[in-house]
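When the letters of the sequence shown are read in order and numbered with numbering that gives the first Met the number 0, they come out as residues 0 to 179.
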Amino acid sequence: MRFAKEMAFYSAYHQEKRNVWIHVLGVPTITFTLFVVLSRFSLFEWNGFNVSASLVFTLAILGYYFTLDVVFALVATLLFGGLFVTAEWITAQLPSQTAWTIFGLGQVIGWGSQFYGHFVFEKSRPALFDNLFQALVSAPLFVVADVFFELGYRLDLKKAVDDELKQKGVWKDFSVQKTA
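Right, dumping it as structure tokens:
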């Protein structure tokens with residue numbers, strides 16, 4: 000199963016629950032602020048509609064998500080569609096300096112929190128160092144999947160991801176707390 004194989008790479012770096020939940024907040028923050036900046040770049044106008052770099056990026060990413068998993072892609076479309084629309088509104092309504100400030104703060108908070116989660120809770124370096132595509136493009140979809148799994152949905156797919164991790168020898172058991 001293609002989704003399980005691709006998510007297994009991401010999940011190898013995201014198995015400790017606190018780190019996963021940090022990513023549930025950090026990844027959308029990074030994505031949103033990226034949308035804010037990309038919304039500043041108008042590529043062309045079509046029938047009176049501004050086509051921004053953010054729109055092209057969003058449509059391309061969501062198209063990729065639909066090739067991996069339709070259910071997760073639909074949820075990602077709702078979630079990230081809302082972030083996209085908000086970013087476009089910010090770009091249209093607020094001064095350029097405000098957009099760049101939102102971008103800067105969101106990137107520092109989003110990436111900083113995730114690095115903290117990796118080094119403190121996961122005890123490993125982020126996936127970003129090994130696969131930039133996964134970190135910037137796939138992570139939002141995998142965060143959606145992580146929330147589904149935590150809520151007890153699509154557990155057959157979670158098992159397939161865990162089986163991939165075990166087969167690759169990178170599965171970690173964080174269920175047992177280690178004592179000093």
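In this text, a Cβ means the ideal position worked out from N, Cα and C, and glycines have one as well.
Just so it is clear, the structure is predicted and the values come from calculations on it, not from any experiment.
Tell me the rounded alpha-carbon separation between residue i and residue j.
i	j	result
residue 71	residue 148	11 Å
residue 150	residue 67	20 Å
residue 73	residue 27	16 Å
residue 153	residue 161	13 Å
residue 58	residue 5	20 Å
residue 117	residue 171	14 Å
residue 64	residue 134	14 Å
residue 91	residue 48	13 Å
residue 137	residue 126	11 Å
residue 156	residue 106	31 Å
residue 62	residue 108	28 Å
residue 46	residue 140	31 Å
Cutting at 6 Å between CB atoms, please list the residues of its own chain near residue i, excluding the five before and the five after it.
i	result
residue 19	13 and 145
With 16 as the cutoff for other CB atoms within 10 Å, does residue i come out buried or exposed?
i	result
residue 121	buried
residue 53	buried
residue 95	exposed
residue 113	buried
residue 83	buried
residue 2	buried
residue 165	exposed
residue 128	exposed
residue 79	buried
Helix, strand or coil for residue i per DSSP?
i	result
residue 48	strand
residue 137	helix
residue 43	strand
residue 15	coil
residue 78	helix
residue 0	coil
residue 169	coil
residue 125	coil
residue 94	coil
residue 115	helix
residue 152	coil
residue 53	helix
residue 10	helix
residue 162	helix
Less than 7 Å between C-beta atoms, sequence neighbours within five positions excluded: which residues of the same chain meet that for residue i?
i	result
residue 23	142, 145 and 146
residue 29	105, 106, 109 and 110
Please go through the same chain and pick out, in chain order, the residues whose beta-carbon is closer than 8 Å to the beta-carbon of residue i, but skip the five residues on each side of it.
i	result
residue 102	32, 33, 35 and 36
residue 181	The question about residue 181 has no answer, for the chain in this structure spans 0 to 179.
residue 167	7 and 11
residue 179	Confidence at residue 179 is low in this model, with a pLDDT of 46, below 50, so the placement of that residue should be treated as unreliable; the coordinate-derived value is given next. No residues qualify anywhere along the chain.
Would you please verify whether the beta carbon of residue i is less than 8 Å from any beta carbon of chain B?
i	result
residue 24	Of the protein chains in the structure, only one exists, and it is not chain B.
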